[in-house]
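Residue numbers (my numbering), protein chains in the order written: chain F, 34 to 457; chain U, 34 to 457.
Structure record follows, encoded as C-alpha cells.
Number of protein chains: 2
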Amino acid sequence: MAISKVSALGIHHESFSFHMVLRPVGISASEGKSLRKFPVISALDWRTVVIGLAADSGCGKSTFMRRLTSVFGGVAGPPKGGNPDSNTLISDTTTVICLDDYHSLDRHGRKENGITALDPRANNFDLMYEQVKSLKEGVSVVKPVYNHVTGRIESPELIEPPKILVIEGLHPMYDPRVRELLDFSIYLDISSDVKFEWKSQVSLSLSLPSLSLSLSLSLSRSLLLWLLVWQRDMAERGHSLESIKASIAARKPDFDTYIDPQKQHADAVIEVLPTQLILDDNEGKILRVRMVMKEGVKYFDPVYLFDEGSTISWIPCGRKLTCSYPGIKLFYGPDTYYSSEVSVVEIDGEFEKLEELIYVESHLNNISTKFYGEITQQMLRHADYLGSNNGTGLFQTVIGLKIRDLFEQIQAEAASKQAITSPK
Amino acid sequence: MAISKVSALGIHHESFSFHMVLRPVGISASEGKSLRKFPVISALDWRTVVIGLAADSGCGKSTFMRRLTSVFGGVAGPPKGGNPDSNTLISDTTTVICLDDYHSLDRHGRKENGITALDPRANNFDLMYEQVKSLKEGVSVVKPVYNHVTGRIESPELIEPPKILVIEGLHPMYDPRVRELLDFSIYLDISSDVKFEWKSQVSLSLSLPSLSLSLSLSLSRSLLLWLLVWQRDMAERGHSLESIKASIAARKPDFDTYIDPQKQHADAVIEVLPTQLILDDNEGKILRVRMVMKEGVKYFDPVYLFDEGSTISWIPCGRKLTCSYPGIKLFYGPDTYYSSEVSVVEIDGEFEKLEELIYVESHLNNISTKFYGEITQQMLRHADYLGSNNGTGLFQTVIGLKIRDLFEQIQAEAASKQAITSPK
C-alpha cells in the first residue's frame, strides 16, 4: 500500500467522473475492466478494514448495523446532501454500503431476462471488486444507487474510504476477488423453520385490513422485523398473499444456488433457529441463536463459555438467578462447519431482566469488551432494537466488539510496520 | 464441654472396666441405660469431630478410609497390641470404628432369632450412642469387637478419643441419638444396576476353579473390590453361587427397610451408577459417580463446577484435552433429594492420564484444597487404590478434604470460644 503525505483534510480526491457500466447479461468480465480506476492516493492515518455481511433479506439488517456502529460510539445516517434514496449508512467510523447498488440489471432488465436479483448475472462483481478494493486502498469512489422503490438504478453517490467499510447484501462472499478483500465476514442464517413460522404469521397479518404497528403487541419483535422487511420488499409487487408465496417459491432455487453456499466462507455465521426449550414449539416467538466462529482467523479469537475447547451446556437460571419459563440455556463447544474447524456458542431463550443479561455476559470469555458489562450496556442503550432480549441482539453486539478489536489490531500492526519502514 | 488441664500425655484415662451388655432381642432401651458411663474428663486440645459413613457392604470401605486418612498425612493401621481381629483403623488423627462391633446378637444369636445383621434388633444402639458420645466428649471407651470370621463377639478393645472419629457400617444414621452426634454424614449408594452387573461378574468368577488376583486384569478394579468384599462376606457361608444369591435375596427387604432410608439424613451421598456414555452399556466397567451434597450444612460448602447454583454439563475432552472413547462427562446442578435442597456434581467415565485429572480438578470449586492440584497429588499417591481412575476415587478424596476443612473450622471456632470464656 503506497503511503503519501497526509493532507489537512485527511483525504485526497482527484475527480468524481464516474462511468457507470451496466453490463447486459452475459457480458465478459474483461470488458468490465474498462471501468475508470481512481489513482491510488492513500493519505489516511488508518487502514480501512472491510467487513462482509451476507443474508437473505437484502439490506434489511439495519438493526445489526446500528448495533455495530453504536459500539464505535457514532450514530449512523444516510450520506449528507446525497441521494435521498441512498442505501448507504454513514457514521464517524463506519460506512455500510448495500450491495444491491451493484445490480447490473434493474427490475425491468431482470424481468426481461427472467432472472432474480439473487442471480450473479444481475450483479456487477467487477465494479463491486474495483470499488471495494479502491476504498480499502484509501481511495474514494462514486458508486451507483439502486432505488428499491422504483427498481431503477439512479444517480450515483460519492463514498469516501471509512475506517470500517461494511458491505452488506446478498453476495459479499460470492466473488473470490471481493471475498479476498474482506478482513472479516459474517453470514446471517435464518433457518427455514423460523422463516416458515414467520411467513405464516405474516400471511395471517396480511389478511387483516391494515398492517398497523399495534400488531407488535401480539406478534414477536422478530416477526415484526420480518414483516416490515417483507412489506418493503413486497411493495413492488403488491401485498397479496399469493404474490408473497410466489416470490418465496421463486427465490428458493436461486437462494440455494447462489446465496446459501457463501456461508462456508464466512468467519462467523449467526444461525437463527426455533427454540428447543419448549417441546414441539410452533409459535416461533422464542429463538435459539447460534454463533458459529471459524478457528484460526487472524485477529479473531472465538468467544467461549467457561473452558476454551471443551463442550458445555449451561442453564444459568438456578439459585443465584431466577428466570421465568422457559428460561435460558447456553451451549458452547467445538464443531466442524463445511469441513472447517469452528467453535459454537448458542443462546436458547430470552432475557427477561437485566440481571440475566449481565450474568450471561459475565461468563462469556474473549468478548473483547473494554470494561465489565459493556455488552449489557450496549443492549440496554438500544433496548428498543429488535432482538435485544435474545441471542440475536447479544451476538450482533459481540460481533460489533470483535470487529472493533480486529480494527484496532490491524491499525496497531500497520502502525508498527510503518514505524519500521519509515524511521524519523 | 468441660476443659481441664492437658497432661503431658495429652489424654486422661480413668479406668477401663467395661460392662458389655448384649441385650436379647426386644429388650427395652431404658434397661440399656444401666451401662456404665465413664466420667467426662476432657483434657484434649481439640474437639473430636464425628463422621458417619453408611453403606451396604458392612465395613469394606477401607479404600475410602485410607484416602481419608491420607489427606491428614497419617497411615492407618489396626490398634497396636490389641485384638488381632480388630475392625478398627487408627492413624495419627483419625480412628475408624466399624459399627458391626455393636452387634448385640452374634451370628448364632441372629440365626436363632431369624434376623439379619441389618435388623436394628441385632445391634446395640444404646451402647453405640453412649460410646460415640463419650469419645466426642474426649473420654476413652472400651468397645466390643465382632469377629467377622467366627461371627462371635470377642474381647473388647480400648478406643481413645481421636481428632476425627469415623463410625462406618450399616447404621451410623439409623438411631436419632447417634445421628445427632455426627458432625458430618456420608452415605455410599451403589445402585442396584451396578450391584447387579458386578454380581453377575462375581458369579462368573466364582464358577472358575480359583479366584486369583490375575482376574484383576480382565475385571474392572471396582468389580475386584466388590468381589473381594463378597468373598470375605461369603467366607462364613461357603462360596457357592446359590448361597450368594440366597444371601442377596435375604438381605434385600431388610436393606430397603433399615439401611437405605438413612440416606435422607446424609449430608453427602455418593451414588455409583452405570455409565451413560455408552448406549445400553452392560459391562458395568465404566461408572457414573454422583456426589449429592446437602445445602445449608454447617462447615460444609458444596463443591461446584464453574458457576455456583446453575446447571452445567461439561465434556472437558476437546481441543485442549484429548480423551479416548468414551471420554469423561461432568455435570453440576441444583436438585432436591428427599425434600432437601442439594447440589449434585457428577463424573461419568474414567481418567486415563494425569492431564485429564488435573484438568477436571482445576475446574472444580469449593474443594477445600490447600494448594493447586492437591486432589491430583492424592490420587496419584494412591494410584493403586480402587477407583483412582474415576469419580469414586475423586469424590472420596474430595470428601476427605471437606472433612479436613470441617475439622479445622470446628477447632477454630472452639478455640475462639475458649479464648472468650477463659481469658489469661
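The beta-carbon is built from N, C-alpha and C at its ideal position, and this holds for glycine as well.
Source: prediction; values computed, not measured.
Flag this pair as yes or no: are the beta carbons of residue i and residue j separated by less than 7 Å?
{"i": "residue 342 (chain F)", "j": "residue 352 (chain U)", "result": "yes"}
{"i": "residue 105 (chain U)", "j": "residue 126 (chain U)", "result": "yes"}
{"i": "residue 158 (chain U)", "j": "residue 89 (chain U)", "result": "no"}
{"i": "residue 189 (chain U)", "j": "residue 176 (chain U)", "result": "yes"}
{"i": "residue 198 (chain F)", "j": "residue 83 (chain F)", "result": "yes"}
{"i": "residue 223 (chain U)", "j": "residue 305 (chain U)", "result": "yes"}
{"i": "residue 217 (chain U)", "j": "residue 300 (chain U)", "result": "yes"}
{"i": "residue 327 (chain U)", "j": "residue 375 (chain U)", "result": "yes"}
{"i": "residue 310 (chain U)", "j": "residue 359 (chain U)", "result": "yes"}
{"i": "residue 174 (chain U)", "j": "residue 192 (chain U)", "result": "yes"}
{"i": "residue 336 (chain F)", "j": "residue 378 (chain F)", "result": "yes"}
{"i": "residue 329 (chain F)", "j": "residue 344 (chain F)", "result": "no"}
{"i": "residue 398 (chain U)", "j": "residue 334 (chain U)", "result": "no"}
{"i": "residue 292 (chain U)", "j": "residue 221 (chain U)", "result": "no"}
Once DSSP output is grouped into helix, strand and coil, what is the label at residue i?
{"i": "residue 366 (chain U)", "result": "strand"}
{"i": "residue 445 (chain F)", "result": "helix"}
{"i": "residue 174 (chain F)", "result": "strand"}
{"i": "residue 220 (chain U)", "result": "strand"}
{"i": "residue 345 (chain U)", "result": "strand"}
{"i": "residue 453 (chain U)", "result": "helix"}
{"i": "residue 294 (chain U)", "result": "helix"}
{"i": "residue 269 (chain F)", "result": "Residue confidence is low: residue 269 (chain F) scores 47 on pLDDT, short of 50, so the model does not pin down where it sits. Its coordinate-derived value is still stated next. Coil, per DSSP."}
{"i": "residue 155 (chain F)", "result": "helix"}
{"i": "residue 396 (chain U)", "result": "coil"}
{"i": "residue 246 (chain F)", "result": "A caution first: residue 246 (chain F) carries a pLDDT of 34, below 50, which makes its placement in the model too unreliable to give a value."}
{"i": "residue 239 (chain F)", "result": "Below a pLDDT of 50, predicted positions are generally treated as unreliable, and residue 239 (chain F), at 47, falls in that range; no measurement from the model is reported."}
{"i": "residue 373 (chain U)", "result": "strand"}
{"i": "residue 439 (chain F)", "result": "helix"}
{"i": "residue 385 (chain U)", "result": "coil"}
{"i": "residue 423 (chain U)", "result": "strand"}
{"i": "residue 110 (chain F)", "result": "strand"}
{"i": "residue 191 (chain U)", "result": "strand"}
{"i": "residue 83 (chain F)", "result": "strand"}
{"i": "residue 209 (chain F)", "result": "helix"}
{"i": "residue 330 (chain F)", "result": "coil"}
{"i": "residue 150 (chain F)", "result": "coil"}
Using the beta-carbon count (16 or more within 10 Å), is residue i buried or exposed?
{"i": "residue 405 (chain F)", "result": "exposed"}
{"i": "residue 155 (chain U)", "result": "buried"}
{"i": "residue 134 (chain F)", "result": "buried"}
{"i": "residue 446 (chain F)", "result": "exposed"}
{"i": "residue 307 (chain F)", "result": "buried"}
{"i": "residue 169 (chain U)", "result": "buried"}
{"i": "residue 338 (chain U)", "result": "buried"}
{"i": "residue 401 (chain U)", "result": "buried"}
{"i": "residue 201 (chain F)", "result": "buried"}
{"i": "residue 394 (chain F)", "result": "buried"}
{"i": "residue 143 (chain F)", "result": "buried"}
{"i": "residue 340 (chain F)", "result": "buried"}
{"i": "residue 124 (chain F)", "result": "buried"}
{"i": "residue 437 (chain U)", "result": "buried"}
{"i": "residue 140 (chain F)", "result": "buried"}
{"i": "residue 312 (chain F)", "result": "exposed"}
{"i": "residue 205 (chain F)", "result": "buried"}
Could you name the residues that DSSP lists as bridge partners for residue i?
{"i": "residue 498 (chain U)", "result": "No answer is possible for residue 498 (chain U): it lies beyond the span of chain U, which begins at 34 and ends at 457."}
{"i": "residue 378 (chain F)", "result": "F:324, F:365"}
{"i": "residue 185 (chain F)", "result": "F:180"}
{"i": "residue 88 (chain F)", "result": "F:221"}
{"i": "residue 136 (chain U)", "result": "U:156"}
{"i": "residue 304 (chain U)", "result": "U:222, U:323"}
{"i": "residue 129 (chain F)", "result": "F:122, F:199"}
{"i": "residue 337 (chain U)", "result": "U:398"}
query: Which residues, in order along the region 338-372 of chain U, keep a beta-carbon less than 9 Å from a beta-carbon of chain F?
result: Cβ contacts with chain F come from 338, 339, 340, 341, 342, 343, 344, 345, 346, 347, 348, 349, 350, 351, 352, 353, 354, 362, 366, 367.
query: Mind listing which residues of the region 199-233 of chain U have their C-beta closer than 9 Å to chain F's C-betas, in chain order?
result: none
message: Short of 9 Å Cβ to Cβ, which residues in the region 153-185 of chain F face chain U?
response: none
message: Taking beta-carbon pairs under 8 Å, can you tell me which members of the region 377-400 of chain F lie near chain U?
response: Listed in sequence order: 396.
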